[in-house]
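Below is one structure, written out as structure tokens, with a few remarks after it.
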């Protein structure tokens with residue numbers, strides 16, 4: 017039995033016994049309703065708020081879609097949270113506690129009678145009450161089954177098309193379902209290889225939860241089945257009643273006239289597929305060891321092995337002593353660090369690495385964007401081609417798009433009661449999951465036996481609230497991205513004993529020549545009204561080994577190998593359901609300690625935050641594998657038993673995992689911040705970028721100042737978040753050092769001096785990217801922002817490329833992009849996505865400039881690069897790059913796209929909710945802020 021299961025049973029036995037019959041009474045029969053549950057006391061007393069733009073309603077009939085395209089009209093509650101969310105940009109400076117509901121929803125439990133908009137009862141043991149203000153479903157069940165059935169029914173009402181999209185993305189069948197647009201091809205080609213499964217694999221994961229997690233596992237799968245039953249009930253009703261989402265007509269699934277066609281029934285394995293997309297992209301971590309190895313080789317080739325390794329490690333910054341921390345009290349949690357003397361590392365021979373081919377047997381438009389529009393009925397003309405650029409534009413989802421890098425998400429600000437005006441902890445937190453219409457998550461309230469919570473759930477896996485509030489506590493998460501994915505180097509072989517090649521399909525597993533398993537998806541498409549992409553098809557193929565999925569081929573020491581990616585949560589995509597079940601259970605979560613235990617049952621890599629009336633707390637979750645001694649997790653390792661994860665069993669992908677106490681956690685610290693930064697001392701970074709300057713600094717400096725002043729309120733903590741959300745990290749953290757170097761002597765070029773003065777004025781005003789007045793669509797310091805946007809990539813190259821050389825500079829930038837400003841549409845976030853300033857060379861520039869200036873640097877770069885370490889030469893390089901930037905016109909800095917004309921700065925930055933269905937939304941002001949956000953302060957406790 018895997019260690020995690022043992023831990024679960026020990027930690028939760030008492031709670032399961034206490035739940036008793038409630039946990040086991042999930043009967044799918046619509047029999048006698050249980051007695052009304054006891055009234056729920058809301059201990060937040062009107063001090064819990066939340067927001068999730070653009071609106072709750074994510075379904076639109078064909079008529080509503082056509083109305084949106086022709087007249088710009090919107091279905092009810094599809095956009096009524098957008099203006100409030102946008103309004104905080106201008107409104108945060110004068111924010112008070114009393115004004116919070118101008119920008120947030122009242123997140124109290126229940127719906128006052130005079131605020132009830134509708135009541136639906138899909139069964140006699142559940143009601144779905146929607147409020148007038150936002151249309152959020154408040155689901156109240158008298159049985160466990162009825163509660164979960166109602167959750168599924170409400171999910172169908174609000175996200176049926178979106179759930180259908182995501183189950184097909186998870187199964188690698190998007191193009192066959194929604195059309196062959198090039199972005200759709202790219203999306204399934206990026207997601208499916210990360211979690212490829214057969215139907216039997218998916219069924220095995222359902223059974224694993226049911227049989228390995230005790231009573232809670234049985235309950236979880238019963239709840240999931242009830243949820244699926246609710247989705248399917250709405251699916252049938254909407255199809256028969258002809259009020260199903262109009263996208264089914266536009267993609268050719270249902271005939272608008274005859275109603276002939278089908279919305280395929282949902283099943284439990286669909287939930288596993290959806291969970292693989294959600295958890296894998298927002299809760300993954302590690303991997304990328306082949307890319308890291310290539311940059312290490314480039315450094316060694318330039319400087320020699322010893323010096324090259326030293327240079328590479330200084331950029332890798334596994335344990336930067338200057339990195340901003342969530343646990344800042346000095347507590348250390350050692351994990352995944354660099355061993356003193358690594359064993360089993362397997363670097364490829366130079367020039368030998370090739371990516372494993374994924375696509376085979378292309379026909380027609382496969383690999384192209386060739387269009388052959390169908391002749392659409394006149395009534396549907398307005399909606400023709402809505403998916404020509406894909407159902408999800410390239411780069412919109414984390415981990416997708418050209419040159420994609422897994423994007424961390426979300427932020428959190430918490431202050432303990434000793435520093436607040438009320439004496440109670442305050443939290444402002446939420447997940448930063450991109451901007452879509454409809455949103456990937458949906459708001460709901462669930463009240464039933466063993467469940468009491470309000471918040472968000474990802475559509476399609478909404479059996480429980482995943483982030484939100486309970487009766488007297490609230491919780492949220494940020495992506496943690498610690499290292500739970502490793503790259504193994506398998507020796508290739510031939511079963512007949514002949515000499516293997518890089519193309520061999522057998523490998524050595526514990527001394528035996530073993531066949532790789534081939535997993536395939538064959539997809540085909542034809543043009544529809546929604547997607548005009550010409551007829552085409554292809555076959556996706558991956559090879560699976562006992563050490564994970566093959567990603568690359570190479571030679572090591574002249575011998576052919578395959579590199580594989582092994583993720584600890586593979587084959588366990590939905591095991592985290594147990595932790596979420598606990599978080600929703602008021603009898604389990606009663607304080608910070610029980611919250612941390614609940615969070616420890618979530619297998620994906622997340623930072624979890626908690627606040628009640630007494631305590632603020634933090635816990636980092638994840639299936640952290642226990643590695644063999646002296647294995648370097650940052651680089652590929654040989655696939656030999658001596659270097660495997662401890663206790664590794666490939667059949668179910670189980671191993672030994674680090675225990676609760678070794679995960680970063682804390683309770684009662686003066687304050688907590690998180691913006692996907694380093695969690696604690698000793699907890700090694702899984703990739704490049706957790707260095708001396710990080711966007712977490714934007715929060716840490718503001719919150720620490722509030723704590724020092726004391727008397728923190730919900731409004732003041734929200735203001736700190738909102739100010740950071742419109743601040744340019746480069747301007748606040750790095751411009752002072754850049755200007756210090758430049759101003760070391762007078763700037764004699766009048767044009768350059770004017771540019772420097774503009775940058776100085778912008779920095780003095782707070783380095784914000786903010787409108788001069790609401791609705792002006794022009795920044796107050798527009799020229800300075802333009803100069804910085806043009807200058808940053810040029811100055812990084814001028815500072816580092818001459819010293820590193822082309823090859824090493826290219827290898828390092830392949831591992832970490834230099835820029836991720838709101839306008840940097842080439843970055844991992846894509847354009848118009850809000851999230852910014854996570855990935856970039858901020859820390860490298862900071863350390864290098866301080867080294868040039870002779871200032872103290874902890875964890876310095878191995879060499880000083882700007883101007884070859886000479887202050888005068890550095891100044892010349894910066895001024896030369898600045899001169900290039902000043903000369904670059906706005907039309908080149910902001911080249912325009914389908915939404916903005918060239919040169920439109922505000923528009924280029926703006927957030928655009930990517931339409932996943934037929935309803936489009938207006939652009940809003942850029943904010944670097946959670947998509948769903950809570951502001952909470954509990955004055956009382958059970």
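Residue numbers (the working numbering): 17 to 958.
Glycine is no exception: its CB is placed at the ideal position from the N, C-alpha and C atoms.
**Q.** Euclidean distance between Cα positions of residue 852 and residue 497
**A.** As a working mapping, residue 852 is identified with position 836 in the chain shown. As a working mapping, residue 497 is identified with position 481 in the chain shown. Approximately 17 Å between the Cα atoms of the pair.
Q: Return the residue from the list 688, 904 and 647 that minimises the CA-CA distance to residue 767.
A: Position 751 of the chain shown, counted from the start, is the residue given in the question as residue 767. For residue 767, the closest alpha carbon among the candidates 688, 904 and 647 is that of 904.
**Q.** Coil, strand or helix - residue 803 by DSSP
**A.** The count along the chain shown starts at 1 and reaches residue 803 at position 787. Helix, per DSSP.
Q. Ends of the alpha helix (DSSP H) at residue 710?
A. One-based indexing of the chain shown puts residue 710 at position 694. Here residue 710 belongs to no alpha helix (DSSP H), and DSSP marks it neither H nor E.
**Q.** Completely contained beta strand (DSSP E) runs for the region 649-708, where each covers 3 or more residues
**A.** Segments of the beta strand (DSSP E) lying fully in the region 649-708: 681-683, 687-690 and 697-699.
**Q.** residue 404 to residue 521 span [Cα, whole Å]
**A.** The residue you call residue 404 lines up with position 388 of the chain shown. The residue you call residue 521 lines up with position 505 of the chain shown. So the two alpha carbons sit approximately 37 Å from each other.
Q | Same chain, Cβ closer than 6 Å to residue 64, neighbours up to 5 away in sequence not counted | A | Within the chain shown, residue 64 is the residue found at index 48, counting from 1. Same-chain partners within the cutoff: 123, 485 and 952.
Q.
For a test of the three-state rule: what should DSSP assign to residue 50, helix, strand or coil?
A. Within the chain shown, residue 50 is the residue found at index 34, counting from 1. Here the model assigns residue 50 a pLDDT of 38, short of 50, so the residue's position is not dependable and the matter cannot be decided.
Q. How many Å lie between residue 578 and residue 705 at the Cα?
A. For the purposes of this step, residue 578 is identified with residue 562 of the chain shown, where counting begins at 1. For the purposes of this step, residue 705 is identified with residue 689 of the chain shown, where counting begins at 1. Straight through space, the alpha carbons of residue 705 and residue 578 are spaced by roughly 28 Å.
Q.
Tell me the rounded alpha-carbon separation between residue 576 and residue 672.
A. Residue mapping note: residue 576 aligns to position 560 of the chain shown, counting from 1. Residue mapping note: residue 672 aligns to position 656 of the chain shown, counting from 1. For the pair residue 576 and residue 672, the Cα-to-Cα distance works out to about 30 Å.
(Q) Run through the DSSP bridge pairs and tell me what residue 624 is partnered with. (A) Locating residue 624 in the chain shown gives position 608, counting from the first residue. 493 and 635.
Q. Buried or exposed: where does residue 760 fall if 16 or more other Cβ atoms within 10 Å of its Cβ makes it buried?
A. Numbered from 1 along the chain shown, position 744 holds the residue referred to as residue 760. Exposed, because fewer than 16 other Cβ atoms sit within 10 Å of the Cβ of residue 760.
Q | Residues bridged to residue 950 [DSSP beta-bridge criterion] | A | Position 934 of the chain shown, counted from the start, is the residue given in the question as residue 950. In DSSP, residue 950 forms a bridge with 66 and 445.
Q) Rounded to the nearest angstrom, how far is the Cβ of residue 814 from that of residue 896, given a contact under 8 Å? A) Numbered from its first residue, the chain shown carries residue 814 at position 798. Numbered from its first residue, the chain shown carries residue 896 at position 880. Rounded, the Cβ-Cβ distance is 6 Å, consistent with contact.
Q: Measure the C-alpha to C-alpha separation of residue 744 and residue 249 and round it to an integer number of angstroms.
A: Here residue 744 corresponds to residue number 728 of the chain shown, with the count starting at 1. Here residue 249 corresponds to residue number 233 of the chain shown, with the count starting at 1. Between residue 744 and residue 249, the C-alpha separation is close to 48 Å.
Q. Can you tell me whether residue 863 is buried or exposed, with buried defined as 16 or more other CB within 10 angstroms of its CB?
A. On the chain shown, position 847 is the one that residue 863 refers to. Residue environment analysis places residue 863 among the buried positions, since at least 16 neighbouring C-beta atoms fall within 10 angstroms of its C-beta.
Q.
Cutting at 6 Å between CB atoms, please list the residues of its own chain near residue 184, excluding the five before and the five after it.
A. By one-based count along the chain shown, residue 184 stands at place 168. Result list for residue 184: 190 and 193, in chain order.
(Q) Tell me which residues share the same chain as residue 245 and place their Cβ nearer than 6 Å to its Cβ, disregarding the 5 neighbours each side in the sequence. (A) Translated into the one-based positions of the chain shown, residue 245 becomes position 229. Excluding positions up to five away in sequence, the list reads 165.
Q: Could you tell me if residue 282 is buried or exposed, where buried requires 16 or more neighbouring beta carbons within 10 angstroms of its beta carbon?
A: Working through the chain shown from its first residue, we reach residue 282 at position 266. Per the 10 Å Cβ criterion, buried.
Q: Kindly indicate which three-state DSSP category residue 303 falls into: helix, strand or coil?
A: Here residue 303 refers to the residue found at position 287 of the chain shown. Per DSSP, reduced to three states, the secondary structure at residue 303 is coil, with no helix or strand assignment.
Q: Please determine, among 59, 293, 699 and 669, the residue with the shortest C-alpha to C-alpha distance to residue 649.
A: The sequence position of residue 649 within the chain shown is 633, counting from 1. Of the listed residues, the one whose Cα sits closest to residue 649 is 699.
Q.
Rounded to whole angstroms, what is the Cα-Cα separation between residue 899 and residue 803?
A. Position 883 of the chain shown, counted from the start, is the residue given in the question as residue 899. Position 787 of the chain shown, counted from the start, is the residue given in the question as residue 803. About 10 Å.
Q) So is residue 399 buried or exposed if we call it buried at 16+ other beta carbons inside 10 Å? A) Mapped onto the chain shown, residue 399 falls at position 383. By the C-beta density criterion, residue 399 is buried, having at least 16 other C-beta atoms within 10 angstroms.
Q. Just checking my contact of residue 132 with residue 117 at CB under 8 Å: how many whole Å lie between their CB atoms?
A. Residue 132 sits at position 116 when you count from the first residue of the chain shown. Residue 117 sits at position 101 when you count from the first residue of the chain shown. About 19 Å separates the two Cβ atoms, so there is no contact after all.
Q) Per DSSP, what kind of secondary structure is residue 39 in: helix, strand or coil? A) In the chain shown, residue 39 corresponds to position 23, counting from 1. In this prediction, residue 39 scores a pLDDT of 34, lower than 50, which makes its location untrustworthy; the coordinate-derived value is nonetheless stated afterwards. Looking at residue 39 - three-state DSSP - the assignment turns out to be helix.
Q: Evaluate residue 375 with the Cβ neighbour count: other Cβ atoms within 10 Å of its Cβ, from every protein chain shown; 16 or more gives buried, anything less gives exposed.
A: Working through the chain shown from its first residue, we reach residue 375 at position 359. With fewer than 16 other beta carbons inside 10 angstroms of its own, residue 375 counts as exposed.
(Q) I want to know whether the region 300-313 touches the region 493-509 - three or more CB-CB distances under 8 Å. (A) By the C-beta criterion, the region 300-313 is judged to be in contact with the region 493-509, since at least 3 inter-stretch pairs fall below 8 Å.
Q: Please confirm whether residue 634 and residue 682 have their CB atoms less than 9 Å apart.
A: Taking the chain shown and counting its residues from 1, one reaches residue 634 at position 618. Taking the chain shown and counting its residues from 1, one reaches residue 682 at position 666. Yes, the pair counts as a contact, with Cβ atoms nearer than the cut-off.
Q. Apart from the five residues just before and just after residue 711, which ones in its own chain have a Cβ nearer than 7 Å to its Cβ?
A. Along the chain shown, read from residue 1 onward, the residue named residue 711 stands at position 695. When the five nearest sequence neighbours on each side are left out, the beta carbons in the same chain lying within less than 7 Å of the beta carbon of residue 711 are those of 691, 745, 853 and 854, in order along the chain.
Q: Indicate whether the contact test is met: 3 or more Cβ pairs, each with one atom in the region 779-792 and one in the region 733-743, closer than 8 Å.
A: These segments touch.
Q. Ends of the alpha helix (DSSP H) at residue 429?
A. Mapped onto the chain shown, residue 429 falls at position 413. For residue 429, no alpha helix (DSSP H) segment is defined; the enclosing uninterrupted segment is the beta strand (DSSP E) at 427-431.
Q. Along the chain, where does the alpha helix (DSSP H) that runs through residue 373 open and close?
A. One-based indexing of the chain shown puts residue 373 at position 357. In the DSSP annotation of this structure, residue 373 is not part of any alpha helix (DSSP H), being labelled neither H nor E.
Q. For residue 434, which residues from the same chain have a beta carbon less than 6 Å from its beta carbon, with the 5 sequence-adjacent residues on both sides left out?
A. Within the chain shown, residue 434 is the residue found at index 418, counting from 1. So no residue of the chain qualifies.
Q | Exposure label - residue 943; buried when at least 16 CB within 10 Å | A | The count along the chain shown starts at 1 and reaches residue 943 at position 927. With 16 or more other Cβ atoms within 10 Å, it is buried.
Q | Per DSSP, cross-strand counterpart(s) of residue 502 | A | As a position in the chain shown, residue 502 is number 486, starting the count at 1. Looking at the DSSP output, residue 502 bridges to 582.
**Q.** Proximity winner among 948, 640, 651 and 199, relative to residue 674 (alpha-carbon distances)
**A.** Here residue 674 refers to the residue found at position 658 when the chain shown is read from its first residue. It is 640.
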